[in-house]
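Report on the structure given below.
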Amino acid sequence: MTVAAGPIEAAVVWLNDPLNWTNPGGILDRTGEHLAISAAAVLLGCLVAWPIGLWLGHTGRGGGLVVLVANLTLAVPTLALLTILPLTFLGFGRPPVVVALAVFAIPPLLANAYTGVRAVDPEARDAARGMGFSRWQLLRRVELPLAVPYLAAGFRTAAVQVVATAALASFVNGGGLGQIIRAGFGLDIAAGGGQILAGGLLVAGLAMLVELVLALVERLVTPRPLRNRGRRAGRRAAAAVSGA
Amino acid sequence: MSFRLSYRADPGNPWFSWQYVRDNFDTILAALREHTSLTLRAVLIATLIAVPLAVAAYWFRGLAGPILAVTGVLYTIPSLALFAFLAPYLGIGVATVLTVVVLYALLVIVRNALAGLTQVPAEVREAAEGMGYGRWGRLFRIDLPLALPGILTGLRLATVSTVALVTVGVVVGQGGLGQLIFAGFQNNFYKAQIMTGTLLCVLLALVFDLALAGVGRLLTPWLRRRSAA
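Here it is as structure tokens:
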């Protein structure tokens with residue numbers, strides 16, 4: 150391969166080499182790994198965060214806990230979790246990477262599930278109670294459906310964040326598209342510049358794609374009357390608080 | 033159970049060791065100092081750019097949309113990708129790390145500062161105008177002080193996430209405490225070193241956060257008085 154003039158040209162050259170796509174450990178392989186790790190992490194995050202968030206929102210307690218979890222995970226470096234978890238009982242390989250990423254998926258999922266249930270119109274809740282709904286029925290048939298827009302928003306935030314963070318799995322050889330960037334840095338910057346830039350474009354492109362697709366999904370799962378309702382409900386809540 | 037067994041079978045690799053801290057005190061201190069200085073520089077630079085940007089978006093409403101859109105897109109770009117974009121141009125070193133963390137901190141501060149500025153009540157603004165404040169006088173004596181809680185929230189969020197983000201600088205060999213964590217992992221998974229780096233990171237974030245919260249309390253005495261009443 151000839152050394153191209155600038156990093157951008159080198160990146161284009163690198164991306165145009167079909168072997169870089171189809172080789173073992175090539176772009177296709179790495180994209181598959183990246184998506185598999187991310188999907189597993191988001192799924193795990195949902196399984197943990199949604200039940201807790203919905204329940205806390207339903208009971209109306211634990212708002213402080215939600216904020217605390219969010220702040221704590223903000224302060225813990227991803228790199229630390231990625232390096233610590235393989236040394237625990239999880240062992241090396243994919244499980245610790247998935248768990249590490251899931252930890253960072255939990256705050257947006259938790260916060261949105263909590264807020265989603267809290268934001269349910271108290272009148273709807275009272276009406277359901279008046280109709281003789283049990284607590285469980287209230288949660289499942291009134292609060293949960295009305296919280297779907299929030300759940301979807303949380304899902305999107307979490308998924309995009311996980312796809313972005315999954316690039317760091319390459320630090321512990323966890324696979325994914327970050328591996329291409331790391332390999333580029335492993336070369337000399339002059340020789341690897343193109344590959345580094347190409348890897349960056351792929352990672353960023355994937356994150357943007359996930360963001361776009363999930364934005365569409367979010368729109369689709371939000372029933373038409375509920376679209377833009379978040380904002381209106383927020384205003385109504387503010388008005389109620391200030392006594393207006 | 034297997035965890036406990038492996039722990040016992042491997043007494044040479046504890047999760048924390050004062051011996052390690054004593055023996056490597058200089059290295060740890062150097063990493064901590066680098067991390068602190070990178071964070072401080074990044075947040076300072078980001079603030080100096082972000083607050084004027086937020087004011088510009090506040091004065092010229094047409095700018096608010098584009099500024100928020102650009103910062104939103106920037107925020108979806110993974111940190112490693114941003115390193116990858118900048119490293120071929122800025123080289124392997126501090127400049128790359130600093131630029132990346134400044135960019136992320138910038139977004140957070142701009143968004144929060146703008147939110148703080150737009151929350152200044154219209155009555156207050158009109159009253160200030162009626163009292164003869166000009167644009168700049170109003171900015172420094174009315175708008176910015178009232179937006180201070182928002183700006184400080186942004187600063188705190190930006191600082192805490194910057195402390196965590198600096199560790200990714202490992203990729204260009206300038207990760208501060210991340211360097212410690214990563215070296216510990218590569219050096220036969222030396223747990224004590226990984227743990228020391230991690231704890232110091234979290235501690236540093238906590239100290240910065242508390243310090244900024246304290247500064248916020250000092251700068252906004254009227255909020256305390258109101259909540260006490």
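Going line by line, the protein sequences match chains Z and C.
The numbers in the numbering used here rise by one with no breaks, and the one at position 158 of the first sequence is 307.
The numbers in the numbering used here rise by one with no breaks, and the one at position 154 of the second sequence is 186.
A virtual CB, placed ideally from N, CA and C, is assigned to each residue, including glycine.
What you are looking at is a predicted structure, and each value in this text was computed from that prediction instead of being measured.
Cβ-Cβ separation, residue j to residue i (assumed contact under 8 Å), whole Å
i	j	result
phenylalanine 115 of chain C	valine 200 of chain C	7 Å
leucine 135 of chain C	threonine 128 of chain C	At roughly 11 Å, the Cβ-Cβ gap does not stay under 8 Å, so leucine 135 of chain C and threonine 128 of chain C are not in contact.
alanine 262 of chain Z	alanine 198 of chain Z	6 Å
leucine 236 of chain Z	phenylalanine 221 of chain C	5 Å
valine 83 of chain C	alanine 145 of chain C	6 Å
glycine 208 of chain C	alanine 63 of chain C	6 Å
valine 192 of chain C	alanine 219 of chain Z	Not quite, the Cβ-Cβ distance comes to about 11 Å (not below 8 Å), so this is no contact.
valine 203 of chain C	leucine 70 of chain C	Contact flag wrong, Cβ pair sits at about 14 Å.
alanine 254 of chain Z	valine 191 of chain Z	5 Å
leucine 336 of chain Z	proline 156 of chain Z	Going by Cβ atoms, the distance from leucine 336 of chain Z to proline 156 of chain Z rounds to 13 Å, so no, they are not a contact pair.
threonine 314 of chain Z	threonine 227 of chain Z	6 Å
leucine 288 of chain Z	histidine 207 of chain Z	5 Å
Sub-8 Å separation of residue i and residue j beta-carbons
i	j	result
glycine 169 of chain C	alanine 147 of chain C	no
proline 110 of chain C	valine 352 of chain Z	yes
valine 246 of chain Z	alanine 301 of chain Z	no
threonine 68 of chain C	leucine 236 of chain C	yes
glycine 325 of chain Z	glutamate 182 of chain Z	yes
alanine 307 of chain Z	valine 359 of chain Z	no
valine 215 of chain Z	alanine 273 of chain Z	no
tryptophan 50 of chain C	methionine 227 of chain C	no
valine 75 of chain C	alanine 154 of chain C	no
alanine 86 of chain C	valine 140 of chain C	no
leucine 212 of chain C	glutamine 225 of chain C	yes
phenylalanine 334 of chain Z	glycine 341 of chain Z	yes
phenylalanine 282 of chain Z	valine 269 of chain Z	no
alanine 229 of chain Z	glycine 343 of chain Z	no
alanine 179 of chain C	valine 152 of chain C	yes
glycine 205 of chain C	glycine 216 of chain C	no
leucine 172 of chain C	glycine 349 of chain Z	Reading off the sequence, residue 172 of chain C comes out as phenylalanine, not leucine. Not closer than 8 Å, so no.
arginine 179 of chain Z	glutamine 310 of chain Z	no
threonine 150 of chain C	tyrosine 90 of chain C	yes
leucine 197 of chain C	valine 126 of chain C	no
valine 362 of chain Z	valine 297 of chain Z	no
valine 321 of chain Z	leucine 231 of chain Z	yes
arginine 305 of chain Z	glutamate 367 of chain Z	yes
methionine 357 of chain Z	threonine 108 of chain C	yes
glycine 211 of chain Z	leucine 205 of chain Z	yes
asparagine 165 of chain Z	isoleucine 176 of chain Z	no
leucine 255 of chain C	leucine 187 of chain C	no
leucine 293 of chain Z	leucine 365 of chain Z	no
Reduced DSSP secondary structure (H/G/I, E/B, other) of residue i
i	result
arginine 179 of chain Z	helix
valine 152 of chain C	coil
glycine 392 of chain Z	Per-residue confidence for glycine 392 of chain Z stands at a pLDDT of 28, beneath the threshold of 50, marking its modelled position as unreliable; the derived number appears in the next sentence. Coil at glycine 392 of chain Z, not helix or strand.
leucine 85 of chain C	helix
phenylalanine 214 of chain C	helix
proline 294 of chain C	The structure shown has nothing for residue 294 of chain C, since chain C only spans 33 to 261.
serine 193 of chain C	helix
alanine 386 of chain Z	Residue placement at alanine 386 of chain Z is flagged as unreliable, the pLDDT there being 36, under the threshold of 50; the coordinate-derived value follows with that caveat. Note: alanine 386 of chain Z maps to helix in three-state DSSP.
phenylalanine 253 of chain Z	helix
glutamate 158 of chain Z	helix
alanine 268 of chain Z	coil
arginine 376 of chain Z	coil
tyrosine 263 of chain Z	helix
methionine 280 of chain Z	coil
glycine 248 of chain C	helix
threonine 371 of chain Z	coil
phenylalanine 241 of chain Z	coil
glutamine 206 of chain C	coil
leucine 361 of chain Z	helix
tyrosine 52 of chain C	helix
serine 221 of chain C	Correcting the residue identity first, residue 221 of chain C is phenylalanine in this sequence and not serine. Three-state DSSP puts phenylalanine 221 of chain C in coil, outside helix and strand.
Residue i CB to nearest heavy atom of the ligand SAM below 7 Å
i	result
phenylalanine 241 of chain Z	Only the bare structure without any ligand can be found here, which leaves the ligand SAM out of the picture.
Could you pull out every unbroken alpha helix (DSSP H) segment of at least 4 residues lying fully inside the region 285-354 of chain Z, listed in chain order?
293-314, 327-335
Uninterrupted alpha helix (DSSP H) stretches inside the region 88-144 of chain C (no shorter than 4 residues)
The qualifying runs are 93-108, 111-122.
Minimum length 4: unbroken alpha helix (DSSP H) runs contained in the region 161-228 of chain Z
167-171, 176-208, 212-224
What runs of the alpha helix (DSSP H), each 4 residues or longer, lie entirely inside the region 154-191 of chain C?
154-162, 167-170
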